[in-house]
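Asker: Residue numbers (the numbering used here): 261 to 483.
All C-beta atoms in this analysis are idealised placements derived from N, C-alpha and C, irrespective of residue type, glycine included.
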């Protein structure tokens, strides 16, 4: 478990453009989730003390992946009036969407979950943090209109189950946080949906965050 001071050191080194206001929003997250979790349990109580590594940093692995593997896309997310839209499907209490929305205030985020009590927490946390670039919706992916640039998510279902929910709803890709033995899931996804080998790539989160918790966790990029 890391505290906010350790989290801040990692973020300042990894994202040197971070502002004091953004860091203050990350600082506020711990107490906001503790307060809401006492009313609506959206984070495992035993895991709440690990919010900065198990939840916030894990979410920001998507941003770091973009920074080192797709720097042009990363820069576009930071640019004013970029018009980029990101869907966080199965957001739960707001992960990975809220940490990413803090880092990318010029990018529009739609946080979607089919469970109303979870979207309530995500909505209230986003409002308390003053995140004007976040919309929270209680819905299923199939009912959402329009397209997004990226879809992000954190292990809400197997890849083969998840992909049909968002197929045709993005233009640049899916960025999916997943752990464990992912090879079988990827092979099943590619076989079932007749994908080219080049359409799926993986990046180990542990190459950035050296804590044992991140060993075997990946960002899976599906084009």
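Label residue 340 either buried or exposed according to how many other C-beta atoms from any shown protein chain fall within 10 Å of its C-beta, with 16 as the threshold for buried.
Answerer: It counts as exposed.
Asker: Could you check whether the segment 433-444 touches the segment 414-423, counting it as contact only if at least three pairs of C-beta atoms, one from each stretch, sit closer than 8 Å?
Answerer: Touching, yes.
Asker: Could you tell me the distance, in whole angstroms, from the CA atom of residue 455 to the CA atom of residue 295?
Answerer: Roughly 44 Å between the two C-alpha positions.
Asker: Do you know whose CA, among 481, 471, 467, lies nearest residue 458's CA?
Answerer: Taking only the C-alpha atoms, the option nearest residue 458 is 481.
Asker: Please report how far the alpha carbon of residue 409 lies from the alpha carbon of residue 336, in whole angstroms.
Answerer: So the two alpha carbons sit approximately 11 Å from each other.
Asker: State the DSSP-derived secondary structure class of residue 279, mapped to helix, strand or coil.
Answerer: Three-state DSSP puts residue 279 in coil, outside helix and strand.
Asker: So, is residue 387 buried or exposed, given that buried needs 16 or more other C-beta atoms within 10 angstroms?
Answerer: Per the 10 Å Cβ criterion, exposed.
Asker: When you compare only the Cα positions, how much space is there between residue 406 and residue 370?
Answerer: If you take the alpha carbons of residue 406 and residue 370, they lie about 12 Å apart.
Asker: Would you kindly work out how many angstroms separate the C-alpha atoms of residue 442 and residue 472, rounded to a whole number?
Answerer: Their backbone Cα atoms lie some 18 Å apart in a straight line.
Asker: Could you check which residue in 444, 310, 373 has the C-alpha nearest to that of residue 218?
Answerer: Here the chain comprises residues numbered 261 to 483, so residue 218 is not present and cannot be evaluated.
Asker: Please determine, among 318, 343, 348, 266, the residue with the shortest C-alpha to C-alpha distance to residue 400.
Answerer: Taking only the C-alpha atoms, the option nearest residue 400 is 348.
Asker: Under 6 Å Cβ to Cβ from residue 314, same chain only, skipping five residues before and after it: list those, please.
Answerer: Correct list, in chain order: 307.
Asker: What does DSSP give as the partner residues of residue 355 in its beta bridges?
Answerer: Looking at the DSSP assignment, residue 355 forms no beta bridge with any residue, so it has no partner.
Asker: Which residue spans inside the segment 349-425 form an unbroken beta strand (DSSP E) run of at least 3?
Answerer: Fully enclosed beta strand (DSSP E) runs of 3 or longer: 368-373, 394-398, 408-414.
Asker: Taking buried to mean at least 16 other C-beta atoms within 10 Å of its own C-beta, is residue 279 buried or exposed?
Answerer: Answer is exposed; the Cβ neighbour count stays below 16.
Asker: Can you name, in chain order, every residue of its own chain whose Cβ lies under 7 Å from the Cβ of residue 476, other than the five neighbours on each side?
Answerer: The answer, listed in chain order, is 439, 440.
Asker: The alpha helix (DSSP H) that contains residue 320, what's its start and end?
Answerer: Counting along the chain, the alpha helix (DSSP H) containing residue 320 begins and ends at 318-329.
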